[in-house]
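For what it's worth, UniProt numbering labels the leading residue of the sequence shown as 1, then goes sequentially. Glycine is no exception: its CB is placed at the ideal position from the N, C-alpha and C atoms. Just so you know, these numbers come straight off a predicted model, no measurement behind them. For reference, the structure discussed in these notes is given below.
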Amino acid sequence: MKRRRDDDFSSPQKKQKKRVAELGLTLSSTSDDEPPPPGNHATRESSTSTSGSESESEEKRPVFGSFGHDFQVDSLTQGTSSRYSMYNSVSQKLMAKMGFREGQGLGKYSQGRKDIVETSNQKGRRGLGLTLKGFDQELNVDWRDEPEPSASEQVSWFPECTTEIPDTQEMTEWMTVGKRKMIIEDETEFCGEDLLHSMLQCKSVFDVLDKEEMRRARTRANPYEMIHGVFFLNRAAMKMANIDFVFDRMFTNPRDSHGKPLIKDRDAELLYFADVCAGPGGFSEYVLWRKKWHAKGFGMTLKGPNDFKLEDFYSASSELFEPYYGEGGIEGDGDITRPENITAFRNFVLDNTDRKGVHFLMADGGFSVKGQHNLQEILSKQLLLCQFLTGLSLVRTGGHFICKSFDLFTPFSVGLLYLLYCCFERVSLFKPVTSRPANSERYVVCKSLKSGIDDVREYLFMVNIKLNQLRGTDLDVNLVVPLEVIKGDHEFTDYMIRSNESHCSVQIKALAKIHAFVQDTTLSEPRQAEIRKECLQLWGIPDQARVAPSPSDPKSKFFELIQGADMDIFSYKPTPLNPKTLEKIRPVLDYRCMVSGSEAKFLIGLGKSQIYTWGGRQSDRWTKLDLKTELPRDTLLSVEIVHELKGEGKAQRKISAIHILDVLVLNGNDVREQHFNQRIHLAEKFVKAVSKPSRPDMNPIRVKEVYRLEEMEKIFLRLEMKIIKGSYNMPRLSYTGRDDRHFVPTGLYIVRTVNDPWTMGFSRTSKRKFFFNKSAKVSTYDLPLDSIAPFHICYFRRLFWEWREGVRVHDSQKRQDPETLSKEDVLSFIQAHAP
1 MKRRRDDDFS
11 SPQKKQKKRV
21 AELGLTLSST
31 SDDEPPPPGN
41 HATRESSTST
51 SGSESESEEK
61 RPVFGSFGHD
71 FQVDSLTQGT
81 SSRYSMYNSV
91 SQKLMAKMGF
101 REGQGLGKYS
111 QGRKDIVETS
121 NQKGRRGLGL
131 TLKGFDQELN
141 VDWRDEPEPS
151 ASEQVSWFPE
161 CTTEIPDTQE
171 MTEWMTVGKR
181 KMIIEDETEF
191 CGEDLLHSML
201 QCKSVFDVLD
211 KEEMRRARTR
221 ANPYEMIHGV
231 FFLNRAAMKM
241 ANIDFVFDRM
251 FTNPRDSHGK
261 PLIKDRDAEL
271 LYFADVCAGP
281 GGFSEYVLWR
291 KKWHAKGFGM
301 TLKGPNDFKL
311 EDFYSASSEL
321 FEPYYGEGGI
331 EGDGDITRPE
341 NITAFRNFVL
351 DNTDRKGVHF
361 LMADGGFSVK
371 GQHNLQEILS
381 KQLLLCQFLT
391 GLSLVRTGGH
401 FICKSFDLFT
411 PFSVGLLYLL
421 YCCFERVSLF
431 KPVTSRPANS
441 ERYVVCKSLK
451 SGIDDVREYL
461 FMVNIKLNQL
471 RGTDLDVNLV
481 VPLEVIKGDH
491 EFTDYMIRSN
501 ESHCSVQIKA
511 LAKIHAFVQD
521 TTLSEPRQAE
531 IRKECLQLWG
541 IPDQARVAPS
551 PSDPKSKFFE
561 LIQGADMDIF
571 SYKPTPLNPK
581 TLEKIRPVLD
591 YRCMVSGSEA
601 KFLIGLGKSQ
611 IYTWGGRQSD
621 RWTKLDLKTE
631 LPRDTLLSVE
641 IVHELKGEGK
651 AQRKISAIHI
661 LDVLVLNGND
671 VREQHFNQRI
681 HLAEKFVKAV
691 SKPSRPDMNP
701 IRVKEVYRLE
711 EMEKIFLRLE
721 MKIIKGSYNM
731 PRLSYTGRDD
741 RHFVPTGLYI
751 VRTVNDPWTM
761 GFSRTSKRKF
771 FFNKSAKVST
781 YDLPLDSIAP
791 FHICYFRRLF
801 WEWREGVRVH
811 DSQKRQDPET
821 LSKEDVLSFI
831 QAHAP
């Protein structure tokens, strides 16, 4: 073997040798050209050694540092002693001056270290020398054969339930109260014992691990970790996006068990949903991002640090979401385990959904179980029950339900699932890829609520009351459905066992993988970025960063929304209706009319309370609306600010309300080209979405009641003389709307909804209205698209019949100005020209 000389080493190596010599240490090189110092009996291990053992007089030498050279520290002998020493004579003399004696430690009492410091086994940011007892044990799980990560997912449903929904009489004896149970290891009715114990052992290993160390290893180990929350406020939003896609948009585009849409009239009906135990609100932010103002959400969650954070809804308009905290409304505590909160929330939602309930309900409850992960199922049993109960209380027939669950080993949890299995057409246990594989989280997805579930709801309500009564005692509700009833349904039981065991197997491997990634910090998942891209594309989520909406001023936002429309829109005044212009309302079928209560204005919403108006006698600029209300950003309306009154005399109350005359843009949706009737329908839908019934302190938003011109007489039936506060007991003309509030009318807007050269007529033969083209001389019963008058045509061709003094529109009004039109004049003209 060719040997190297010192001269063969590079300059840094020489410097390193010099540095070591200065420290009082000697190094041996891989060269045999230089003999060792006298009395030095050093050897080195060589891969080229032909001997199978070392000389009896030699022993392995410790390595000094990590210099990047093939050097080892020589073992030294002192005199004729057979004892080896790390130090040469110079260093020994220096140490002797400091009080060092062979076999003793430094320090006044020789308390210093005597032995060589071992190589550090420190991992991560653990304290130097810290070892975690129990964590470094081998798990004996081969995690490397896990399936290749993929964006594709499969759904497995419970078989369809063929038994009848249990009734009150049947469930009377089902609830079983017994000694409180705080162990999970013996819950083997719905999972194999070996799998259960392996999973619990794997989870227990992490009890001693630092939270940050666990997080870093989990982040590297999970192939789906980089999905995060994208532009939503948290990862929960992406879980909902994930689940919504996998289940064929059954939440954002709900259908019944026959595949028919639950929302029959998309132009008039909102998608109603509820979100419970779900602060800060990621689920709702996703739904509102997907549906925009076509959805209205109701939410209840526990007040406190995990409350809804509506101000952080960057991607959706939180004005479409209404928190309600049970008993006490917005002043409640949001505790879902309190029966009075469930009842109050149910009544509130039913009152605001035409007593039908929501199309779907989402529940994402959970709480910290640090140090008790194996007992998570037992500790959260009441929370799970109350979420199921709320779902059965709020979801309409045919609607859907999704709820987060954890381990499902106990007969109590499985019994709750069995009741849902009886009440819904289909039920699935599903773990989305956005849910970290090492945790116990799964989602119970329920499709199409059956009718006749009231008895089950009442039963669960009573179970919750019993759980509250047993708090703080050593008793608990252990069963809600007898074990023999559950196991009597073999298909349900088989699915439950397969699901639990499959989930256990996946979780065990995921935990073992994290364990390996903690021990070896060089391990990482190479496809995280690729998988993230695949998932976002599949789910229809743009790959965008989360950015707070930039502030804007009303002027620039207005120009952005109208996109170059006629700027005379600000200065235009409607044509006065008088004896000279009366002929303009022919043909009568082309017109609609609305009662006015104030001057028309343009109103623009920039989000929340950032609302500005333009219009009025002395307004030539955008001014902040001095009312307490909220509107989604990118909203442009034609409105009046009307002083509404309720009651008479001293008990009369006045409130300012926004009355919508027409709409241009709704939450970024430009509707100006749609038919006037359609725009009014959309406005009514929009008002339902933004209304806040729980906030009586806020100024209401309403849509004007629209009448056909040929039905104008209906308006006069709702006019009456009333005593108005501040009118010195003099009766004044009042118009009463459909909500029993009245206001002092100022006139009547008359709007043409048909575009030239089209007009409308009535066929006496077929008794149907038809459209006639005056230029082409053709007629049709179907609505021609070019006959639709867009917003600017309706706006610039409207007429206004002012009900000023001297205009007689009520029988009690005696004075009549001959230069004006009276009620009789206009009604006579309409009757003469109506079909």
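- Taking the C-beta atoms as reference points, P632 is found nearer than 8 angstroms to L320.
- Excluding the 5 residues flanking it on each side, P482 has same chain C-beta neighbours closer than 7 angstroms at W174, in chain order.
- Inclusion of E644 and I655 in the CB contact set at 8 angstroms is warranted, their separation being smaller than that value.
- Annotated as distal: S368 and L384, with beta-carbon spacing of 8 angstroms or more.
- Taking 8 angstroms as the cut-off, the beta carbon of L262 is found closer than this to the beta carbon of H359.
- Its chain contains R436 as the residues whose beta carbon lies nearer than 6 angstroms to that of N222, once the 5 sequence neighbours on both sides are disregarded; these appear in chain order.
- Counting every other CB atom within 10 Å of its CB across the protein chains shown gives I183 a total below 16, marking it as exposed.
- Contact between L209 and V518 holds: their C-beta atoms lie close to 7 angstroms from each other, under 8 angstroms.
- Rounded to the nearest angstrom, the gap between the Cα atoms of E153 and P432 is 8 angstroms.
- The DSSP-derived three-state label of C593 is strand.
- T575 and L748 have their C-alpha atoms roughly 12 angstroms apart.
- Exclusion of the five residues before and after E225 leaves T219, Q528 as the residues of its chain whose Cβ lies within less than 7 angstroms of its Cβ.
- A363 sits in a strand when the DSSP states are folded into three classes.
- F388 carries a helical assignment under DSSP once its states are collapsed to helix, strand and coil.
- Contact between F158 and Y495 holds: CB atoms are separated by about 5 angstroms, below the 8 angstroms threshold.
- Of the other Cβ atoms in all chains shown, 16 or more fall within 10 Å of the Cβ of H659; this residue is therefore buried.
- In the DSSP assignment, R457 falls outside any beta strand (DSSP E) and lies within the alpha helix (DSSP H) extending over 454 to 469.
- Note: M300 is bridge-paired with V276 in the DSSP secondary-structure output.
- As the crow flies, the alpha-carbon of L270 is around 28 angstroms from that of P784.
- No residue range can be given for F231, since it is assigned to no beta strand (DSSP E) and is classified by DSSP as neither H nor E.
- By the 16-neighbour rule on beta-carbons within 10 angstroms, Q507 is buried.
- Taking a C-beta distance under 8 angstroms as the contact criterion, R180 and L460 do not qualify as a contact pair.
- Nearest to S550 by alpha-carbon distance, out of L606, R695, A438, is L606.
- The criterion of a C-beta distance shorter than 8 angstroms is not satisfied by E501 and G282.
- Under the DSSP assignment, L195 falls in the alpha helix (DSSP H) whose first and last residues are 193 to 205.
- Excluding five sequence positions before and after Y781, the CB atoms of its chain that fall closer than 7 angstroms to its own CB belong to R768, F770, given in chain order.
- Here the alpha carbons of H810 and L719 stand approximately 7 angstroms from one another.
- Within a 10 Å sphere around the beta-carbon of I465 sit fewer than 16 other beta-carbons, which makes this residue exposed.
- Beta-bridge analysis with DSSP links M760 to F771.
- For R218, the enclosing alpha helix (DSSP H) has its first and last residue at 211 to 221.
- In the structure shown, F430 falls within a strand segment according to DSSP collapsed to helix, strand and coil.
- Fewer than three Cβ pairs drawn from the region 813 to 820 and the region 699 to 708 lie within less than 8 angstroms of each other, which leaves the two stretches out of contact.
- Going by DSSP, G282 is part of the alpha helix (DSSP H) stretching over 282 to 291.
- Comparing alpha carbon positions, the residue from G415, E684, D244, Q544 closest to G488 is G415.
- Beta-bridge partners assigned by DSSP to S156: none are found.
- For the 8 angstroms CB-CB criterion, V480 and F412 form a contact.
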